[in-house]
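Counting along the sequence shown from 1, when you hit position 289 you're at 653 in this note's numbering, and nothing is skipped either side.
In this text, a Cβ means the ideal position worked out from N, Cα and C, and glycines have one as well.
Treat the numbers as computed from the prediction; the structure is a model and nothing was measured.
In what follows, a structure is listed as structure tokens, so that the remarks can point back to it.
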Amino acid sequence: LLVSTSLASSQHILPPHLDHLQAVAATIHINNLNILFICYYNPPLETVSTQLLDYTSTFRHAVILGDFNARHTDFGDTISNTNGRHLTRSLNTLPLCRLRNQFPTLINHVGTSIVDHIIVTDNLTHITNTDSFIGTTVTSDHLPLVSNFTLQGPQPRPTHIPIFDFNNTNWTDFQNYITNNLPHIDDTLDPNTIDTQVTQLTQLIKQAQTLFVPIKHIPTNRKPLPPQILALIRVKRRIYREFVQTRSPVLKTVFNRLNAQIRRDINQFRLAHWSNSCSSLDYRDGKKFWDKFNSLTGRKSHPIHHLSVNNTIFNTPQDKANCFAATLQNIHQVPNDPHFNQHFFNTVTNNTLRFRQNLPRLDYDADLDPDPDPDFPPDNPDLTAPTTDDEIKALIIRLKNSKAPGPDQIKPILLKHLPDTAITSITTIYNSCFNSGHFPTH
365 LLVSTSLASS QHILPPHLDH LQAVAATIHI NNLNILFICY YNPPLETVST
415 QLLDYTSTFR HAVILGDFNA RHTDFGDTIS NTNGRHLTRS LNTLPLCRLR
465 NQFPTLINHV GTSIVDHIIV TDNLTHITNT DSFIGTTVTS DHLPLVSNFT
515 LQGPQPRPTH IPIFDFNNTN WTDFQNYITN NLPHIDDTLD PNTIDTQVTQ
565 LTQLIKQAQT LFVPIKHIPT NRKPLPPQIL ALIRVKRRIY REFVQTRSPV
615 LKTVFNRLNA QIRRDINQFR LAHWSNSCSS LDYRDGKKFW DKFNSLTGRK
665 SHPIHHLSVN NTIFNTPQDK ANCFAATLQN IHQVPNDPHF NQHFFNTVTN
715 NTLRFRQNLP RLDYDADLDP DPDPDFPPDN PDLTAPTTDD EIKALIIRLK
765 NSKAPGPDQI KPILLKHLPD TAITSITTIY NSCFNSGHFP TH
């Protein structure tokens, strides 16, 4: 059983009760489908294995193909033999379908016969060509039997990536649009109202982004950076991690110098690469010219990298992201470990729940109640003081423009250019969340 290297595949071990058969199996991963392929040879004097057919039928997507030495008039053959009758009986009772072929697959001195077959499970019939045909003749008395799937492979990697061009954005029009269309947002303790306010504000910002932030396309075929620049980037990241822990001004200076040096080196590298690529174009060598031209313009194809998890192949970025999220969700669970301190975990959980259920009282008066109930804590100014517009602005200014956005896809640079009216609305929503103890669902 030969599998192309362009297909993601894994070995499939047949169960022990099928070890005596001349069969080999593999699982092919195509478009998030796991398709079992079983290549089977049944000697002429042996009976077709009904156990193998039963085993194949237990899979949702499976293909069994090979020399069954099974002849039957229903297959278009001239006679029927015992194996043919056994195979026909299994096809009538199991969720299996034989791909039609009425041409001889065996040619020898005795004559011709149809002994080779391709059988698929019923769940594959809607994406499989129901007919099989004779392929290219090879040096064998058996002729190759060929069929095909009617599905498409993964989408090719795009040659250009669309991104928002924030440098050429008209921020004045962006702010005016938000100011003119901003809904009125009041303080509230109703969770549904808070969710509605968050949704309205989010949609307004995204609409303004769509209208006033232009889109540009960048090629995806950039040459990899040289090792010396990659080494500087690794050093810069290490210095930054140390700076975050120590807040040393010396490390901050080193980080800034490395950042500037890396930026200069990358610009020089890209300029030299572009100059060398353009100078190497030779119109007299047509093939070389167009190969280089396609490479420079991003028309060169790139392989699609698959992600294999639990014998399942993921191709699209969305599927890969969901798989990554599911992995993190499984990791951040209470461990089933005998050394885990369950008592400490329960104590923290109970204290947190008790605090959430009994928020600090805004009307607490120490003169009237000198010994407050521990289950009903008094007012803590650090926890109950309302948030101000200046606090929100200070937090937004500290955001890095390169910081990845959340599910709403609102980047920090959009928040930095919000008008004061939008900042006030955000502040109102924050205070409503703190006073009601409700976190928005979106």
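Can you tell me which of LEU429, SER421 and HIS393 puts its alpha carbon nearest to the alpha carbon of ASN406?
Counting from 1 along the sequence shown, the entry for residue 406 is found at position 42. Comparing Cα-Cα distances from ASN406 to each of LEU429, SER421 and HIS393, the minimum goes to LEU429.
Candidates SER789, PHE803 and ASN396: closest to LEU546 by CA position:
By one-based count along the sequence shown, residue 546 stands at place 182. Minimum Cα distance to LEU546 is reached at SER789.
Please state the DSSP three-state secondary structure of ASN465.
Start at 1 with the first residue of the sequence shown, and residue 465 comes out as number 101. Reduced to three states, the DSSP call for ASN465 is coil.
By the DSSP assignment, the alpha helix (DSSP H) with LYS570 in it spans what residues?
Locating residue 570 in the sequence shown gives position 206, counting from the first residue. Residues 555-576.
Do THR411 and THR446 count as a contact pair if the criterion is CB distance below 8 Å?
Indexing the sequence shown from 1 puts residue 446 at position 82. Indexing the sequence shown from 1 puts residue 411 at position 47. Note that the C-beta distance between THR446 and THR411 is below 8 Å.
Continuous beta strand (DSSP E) assignments of at least 3 residues falling wholly in the segment 626-698:
671-673 and 676-678
Is there contact here, the segment 430-442 with the segment 484-491, by at least three beta-carbon pairs under 8 Å?
no
When burial is assigned at 16 or more other CB atoms within 10 Å of the CB, is VAL577 buried or exposed?
Numbered from 1 along the sequence shown, position 213 holds the residue referred to as residue 577. Answer is buried; the Cβ neighbour count reaches 16.
contact_flag[the segment 523-533, the segment 566-581] where n(CB pairs < 8 Å) is 3 or more
yes
Helix or strand or just coil, what does DSSP make of LEU759?
As a position in the sequence shown, residue 759 is number 395, starting the count at 1. In the structure shown, LEU759 sits in a helix (DSSP, three-state: H, G or I).
Beta-carbon separation (whole angstroms), GLY801 vs ARG720, contact threshold 8 Å:
By one-based count along the sequence shown, residue 801 stands at place 437. By one-based count along the sequence shown, residue 720 stands at place 356. With a Cβ gap of about 6 Å, GLY801 and ARG720 count as contacting.
When you compare only the Cα positions, how much space is there between GLN592 and VAL599?
Working through the sequence shown from its first residue, we reach residue 592 at position 228. Working through the sequence shown from its first residue, we reach residue 599 at position 235. Looking at the two C-alpha atoms, the distance is approximately 11 Å.
Residues in its own chain within less than 7 Å of THR500 by CB, not counting five upstream and five downstream?
Taking the first residue of the sequence shown as position 1, residue 500 is located at position 136. Counting only Cβ-Cβ distances below 7 Å, and skipping sequence neighbours, we find PRO508.
Report buried or exposed for ASN714, applying the criterion of at least 16 other Cβ atoms within 10 angstroms of its Cβ.
Along the sequence shown, read from residue 1 onward, the residue named residue 714 stands at position 350. ASN714 comes out exposed.
Looking at PHE633: is its Cβ nearer than 8 Å to the Cβ of PHE619?
Here residue 633 is taken as the residue at index 269 of the sequence shown, counted from 1. Here residue 619 is taken as the residue at index 255 of the sequence shown, counted from 1. Not in contact: PHE633 and PHE619 (Cβ atoms no closer than 8 Å).
Compute the distance between the beta-carbons of ALA426 and LEU385, then report whether it is under 8 Å.
Numbered from its first residue, the sequence shown carries residue 426 at position 62. Numbered from its first residue, the sequence shown carries residue 385 at position 21. Contact: no.
With a threshold of 16 other CB atoms inside 10 Å of the CB of PHE803, please say whether the residue is buried or exposed.
The count along the sequence shown starts at 1 and reaches residue 803 at position 439. The residue in question, PHE803, is exposed, as its Cβ has fewer than 16 Cβ neighbours within 10 Å.
Here's the rule I'm using: 16 or more other beta-carbon atoms within 10 Å means buried, otherwise exposed. How should ARG435 be labelled?
The count along the sequence shown starts at 1 and reaches residue 435 at position 71. ARG435 should be labelled buried.
Under a three-way DSSP split, which group does ILE542 fall into?
Locating residue 542 in the sequence shown gives position 178, where the first residue counts as 1. In the structure shown, ILE542 sits in a helix (DSSP, three-state: H, G or I).
Per DSSP, what kind of secondary structure is ALA786 in: helix, strand or coil?
Within the sequence shown, residue 786 is the residue found at index 422, counting from 1. Three-state result, ALA786: helix.
Can you give me the start and stop residues for the alpha helix (DSSP H) that ASN447 sits inside?
Residue 447 sits at position 83 when you count from the first residue of the sequence shown. Per DSSP, ASN447 belongs to the alpha helix (DSSP H) from 446-457.
Among THR563, VAL479, THR514 and GLN573, which residue has its Cα nearest to the Cα of VAL541?
Taking the sequence shown and counting its residues from 1, the one referred to as residue 541 is at position 177. Looking at the sequence shown, residue 541 is not Val but Tyr. Residue GLN573 is the option with its Cα nearest to TYR541.
For THR492, does the count of other Cβ atoms within 10 angstroms reach 16, so buried, or fall short, so exposed?
The residue given as residue 492 occupies position 128 in the sequence shown. The residue in question, THR492, is buried, as its Cβ has 16 or more Cβ neighbours within 10 Å.
Hey, would you say LEU460 sits closer than 8 Å to PHE432, going by beta carbons?
Along the sequence shown, read from residue 1 onward, the residue named residue 460 stands at position 96. Along the sequence shown, read from residue 1 onward, the residue named residue 432 stands at position 68. Result no, Cβ atoms of LEU460 and PHE432 do not sit closer than 8 Å.
Are the CB atoms of ILE787 and ILE569 nearer to each other than 8 Å?
In the sequence shown, counting from the first residue as 1, residue 787 sits at position 423. In the sequence shown, counting from the first residue as 1, residue 569 sits at position 205. Taking 8 Å as the Cβ cut-off, ILE787 and ILE569 do not qualify as a contacting pair.
With a Cβ-Cβ cutoff of 8 Å, do ILE392 and THR792 count as a contact?
In the sequence shown, residue 392 corresponds to position 28, counting from 1. In the sequence shown, residue 792 corresponds to position 428, counting from 1. The answer is no: Cβ separation not under 8 Å.
VAL614 in three-state terms, based on DSSP
As a position in the sequence shown, residue 614 is number 250, starting the count at 1. Reduced to three states, the DSSP call for VAL614 is helix.
Buried/exposed call for GLY650, threshold 16 Cβ in 10 Å:
For the purposes of this step, residue 650 is identified with residue 286 of the sequence shown, where counting begins at 1. It counts as exposed.
Which class does ILE777 belong to by DSSP, given the choice of helix, strand or coil?
In the sequence shown, the residue the question calls residue 777 occupies position 413. Helix.
Across which residues does DSSP place HIS581 in a beta bridge pair?
Within the sequence shown, numbered from 1, the residue matching residue 581 stands at position 217. Answer is PRO526, bridged to HIS581.
Where does VAL479 land, buried or exposed, given buried means 16+ other C-beta within 10 angstroms?
Here residue 479 refers to the residue found at position 115 when the sequence shown is read from its first residue. By the neighbour-count rule (16 or more Cβ atoms within 10 Å), VAL479 is buried.
Which whole-angstrom value is the C-beta distance of SER374 and ASN675, which I expect to be below 8 Å?
Position 10 of the sequence shown, counting from 1, holds the residue named residue 374. Position 311 of the sequence shown, counting from 1, holds the residue named residue 675. Correct: roughly 6 Å between the Cβ atoms.
Determine, using beta carbons only, whether TYR404 and ALA387 come nearer to each other than 8 Å.
Here residue 404 is taken as the residue at index 40 of the sequence shown, counted from 1. Here residue 387 is taken as the residue at index 23 of the sequence shown, counted from 1. Their beta carbons are under 8 Å apart, which means TYR404 touches ALA387 by this criterion.
Going by C-alpha to C-alpha distance, which of ALA595, SER643 and SER413 sits closest to GLN625?
Counting from one through the sequence shown, the residue named residue 625 turns up at place 261. When each option's Cα is compared against that of GLN625, the closest is ALA595.
Between the CA atoms of PHE708 and LEU717 - distance to the nearest angstrom
Here residue 717 refers to the residue found at position 353 of the sequence shown. Here residue 708 refers to the residue found at position 344 of the sequence shown. C-alpha separation (whole angstroms): 14 Å.
Residue ranges of each alpha helix (DSSP H) within the segment 386-437, 4 or longer:
414-421
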